[in-house]
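Notes to accompany the following structure.
Residue numbers (this note's numbering), protein chains in the order written: chain A, 19 to 370; chain B, 19 to 370.
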């Protein structure tokens, strides 16, 4: 899934090049490239499907030259994860009705790739031997209020190890609730990674999102043909926008979670990027050249070849990117969406 | 005089393009262009001489296409104002031993040009009828500690009007002294503008800076010839660095000042630029596009086409220029010289 615009990393992420195509962590590779390489040992290149907005098609092919054009499924418009997954599942079914399916965001950080592959293998093995919808849960290390949580069934089952039946999915909690979740030991973070048979998720959608299922099923003849794009255009113009979590996972009975510890973050905000980045002696995270005076605990992102000279900023975000300079206290990073709206309204599209 | 590097406006002013060649006030014209146009009604274009560092010769000719190459006097190295003035005076003498001479900085702001021309006319008239060294004084509007002051002789003379004999020149005072100066009514700001006969200032230098006088006099045959550049190179390599104020004006007996009110500032710092600029409702001075949240009394300079989005800065300087972004509290602007030194030392010449 590579359709988002990652507006929380504005002004580095823009409509024209959103987060999944950027190297925000400074690793030398974009998030989507890391995601491809993470799965490459267990999934042949010809089996990848990337669902994205059609305006990002060339960016996907540029980042993953190993795949063919027909493996990039283009959405005319974003409709959240349920239509995205329905589209990919129907396309898979048209090729192989027995297909296994792994669904993953393309803009997350995973530190321990070996442990990740182990978790995926184990979860996939469980999917193959049971008729279940699997998700990947991350054992929480702090009461983060930026993630959804999954409550696992407390009963340990020696046959399933780290795999548990799911009791509930929850939305992002407030801090008190998040603390209670973490203390209880019953909750894991929802990493947004799913494993199932393509037929299995479609069967669940047929029951729980029947209208959407019918819309995508009605164009069954089109998948993999020259008419696919035109049919998908029509379906997307009609179908509702809903997440797979809310539309299916929270309601289905046969949902399991593989609890894991592979070092995961959705790197969803400047603050989480700050947390996961190496700091200098004054707690500053700096990309590019900088000279700092009386400046602490700030994150500064400069373009290549440009020098930041900063005095007297504590706990700030400073981002110089393209035609925008943003300076904002770290604690107010939620205002970035407002900045983007204001920029669009007052200054026009060229800054968003 | 156009040889300075204006480092206090770094990172906008750079070695490659110092303040006098910039439009820091956003008027549409550089300081040196304004200076030329201010004098153009009273001085024919062919009578201008611009003394500058040789690396700025082309910038001068670009800004003042009305003058010829031979009117740009190139210094191989900066040696403060006394050698600069000696060079220009000897060159003038080689053309016309009776020449009047007006000396002016090229990077100051003057608001009332009509009143300025009136003051210059009156001062020049006085020079022509008396054997004096004239300077222009500005009646102070505040106890500024960034300027030198001139104490005028209190005795009013109906024959000379706003023109007074000078009692003393003073260096930049501390704030208590500056307050006493302003309250006394006897002091004016030293604008660094001088009027005299070329022969008159050289006569004064012969007495008060005899070594320097001899150095420039020794190459009398060279002025205006193809050997001038090579001779000047040798003289500058040997002569001392000293201001005309300290070397001559503070010691000479026949020094007068024309007290004036034409709205003057040397715009020597970001703070003085802030003072002289139009502010928005929150006291911010903004060049370029900006969106501000909880931000007051700051000065923000952006390049064309770039948007500043700033939250939570009060009393700051933010300058985005070329390959440098500087953020600094207004009250610490004196640190800019340190920033430049550090940038040079740690990051190399490319940022200075």
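Backbone N, C-alpha and C define an ideal beta-carbon position, used for all residues, glycine too. Please read all numbers here as calculations on a predicted model, not as lab measurements.
Distance, residue j Cα to residue i Cα
i, j, result
"residue 371 (chain B)", "residue 91 (chain B)", "For residue 371 (chain B) there is no data in the structure shown, the boundaries of chain B being 19 and 370."
"residue 196 (chain B)", "residue 186 (chain B)", "15 Å"
"residue 43 (chain B)", "residue 354 (chain A)", "31 Å"
"residue 279 (chain A)", "residue 46 (chain A)", "24 Å"
"residue 414 (chain B)", "residue 163 (chain A)", "Chain B is shown from 19 up to 370; residue 414 (chain B) falls before or after that span and cannot be answered."
"residue 371 (chain A)", "residue 267 (chain A)", "Only positions 19 to 370 of chain A appear in the structure, and residue 371 (chain A) is not among them; the question remains open."
"residue 319 (chain B)", "residue 238 (chain A)", "58 Å"
"residue 156 (chain B)", "residue 334 (chain B)", "29 Å"
"residue 16 (chain B)", "residue 72 (chain A)", "The structure shown does not extend to residue 16 (chain B), since chain B is modelled only from 19 through 370, so no value can be given for it."
"residue 146 (chain B)", "residue 323 (chain A)", "56 Å"
"residue 116 (chain B)", "residue 234 (chain B)", "18 Å"
"residue 32 (chain B)", "residue 39 (chain B)", "10 Å"
"residue 166 (chain B)", "residue 182 (chain B)", "17 Å"
"residue 63 (chain B)", "residue 78 (chain B)", "14 Å"
"residue 362 (chain A)", "residue 347 (chain A)", "21 Å"
"residue 315 (chain B)", "residue 160 (chain B)", "20 Å"
"residue 179 (chain A)", "residue 86 (chain A)", "38 Å"
"residue 330 (chain A)", "residue 27 (chain B)", "19 Å"
"residue 208 (chain A)", "residue 251 (chain A)", "30 Å"
Local Cβ density within 10 Å of residue i, reported as buried at 16 or more and exposed below that
i, result
"residue 193 (chain A)", "exposed"
"residue 359 (chain A)", "exposed"
"residue 296 (chain A)", "exposed"
"residue 247 (chain A)", "exposed"
"residue 245 (chain A)", "exposed"
"residue 283 (chain A)", "buried"
"residue 88 (chain B)", "exposed"
"residue 328 (chain B)", "buried"
"residue 317 (chain B)", "buried"
"residue 215 (chain B)", "buried"
"residue 219 (chain B)", "buried"
"residue 113 (chain B)", "exposed"
"residue 191 (chain B)", "buried"
"residue 300 (chain B)", "exposed"
"residue 368 (chain B)", "exposed"
"residue 259 (chain B)", "exposed"
As assigned by DSSP and simplified to three states, the class of residue i
i, result
"residue 274 (chain B)", "strand"
"residue 331 (chain B)", "coil"
"residue 238 (chain B)", "helix"
"residue 66 (chain B)", "coil"
"residue 158 (chain A)", "coil"
"residue 356 (chain B)", "helix"
"residue 347 (chain A)", "strand"
"residue 28 (chain A)", "coil"
"residue 11 (chain A)", "This structure does not reach residue 11 (chain A), given that chain A is present from 19 up to 370, and the question cannot be answered."
"residue 295 (chain B)", "coil"
"residue 215 (chain A)", "strand"
"residue 39 (chain A)", "helix"
"residue 72 (chain A)", "helix"
"residue 182 (chain A)", "strand"
"residue 111 (chain A)", "helix"
"residue 317 (chain B)", "strand"
"residue 118 (chain A)", "strand"
"residue 97 (chain A)", "coil"
"residue 430 (chain A)", "This structure gives no information on residue 430 (chain A), because the portion of chain A shown stretches from 19 to 370."
"residue 129 (chain A)", "coil"
Beta carbon of residue i nearer than 8 Å to that of residue j
i, j, result
"residue 435 (chain A)", "residue 168 (chain A)", "Residue 435 (chain A) is absent from the model: chain A starts at 19 and stops at 370."
"residue 4 (chain A)", "residue 100 (chain A)", "Since the first and last residues shown for chain A are 19 and 370, residue 4 (chain A) lies out of range."
"residue 274 (chain B)", "residue 144 (chain B)", "yes"
"residue 309 (chain A)", "residue 364 (chain B)", "yes"
"residue 82 (chain A)", "residue 50 (chain A)", "yes"
"residue 257 (chain A)", "residue 230 (chain A)", "yes"
"residue 311 (chain B)", "residue 303 (chain B)", "no"
"residue 241 (chain B)", "residue 97 (chain B)", "no"
"residue 210 (chain B)", "residue 125 (chain B)", "no"
"residue 107 (chain B)", "residue 276 (chain B)", "no"
"residue 69 (chain B)", "residue 93 (chain B)", "yes"
"residue 345 (chain B)", "residue 121 (chain A)", "no"
"residue 332 (chain A)", "residue 313 (chain A)", "yes"
8 Å contact criterion, which residue i and residue j should meet: CB distance rounded
i, j, result
"residue 123 (chain B)", "residue 19 (chain B)", "6 Å"
"residue 306 (chain A)", "residue 129 (chain A)", "That pair is no contact at about 23 Å."
"residue 151 (chain A)", "residue 109 (chain A)", "Wrong, their Cβ atoms sit about 19 Å apart, outside the cutoff."
"residue 56 (chain A)", "residue 131 (chain A)", "6 Å"
Interface residues of chain C facing residue i [CB-CB closer than 7 Å]
i, result
"residue 328 (chain B)", "Absence of chain C from the displayed structure is noted, the protein chains being A and B."
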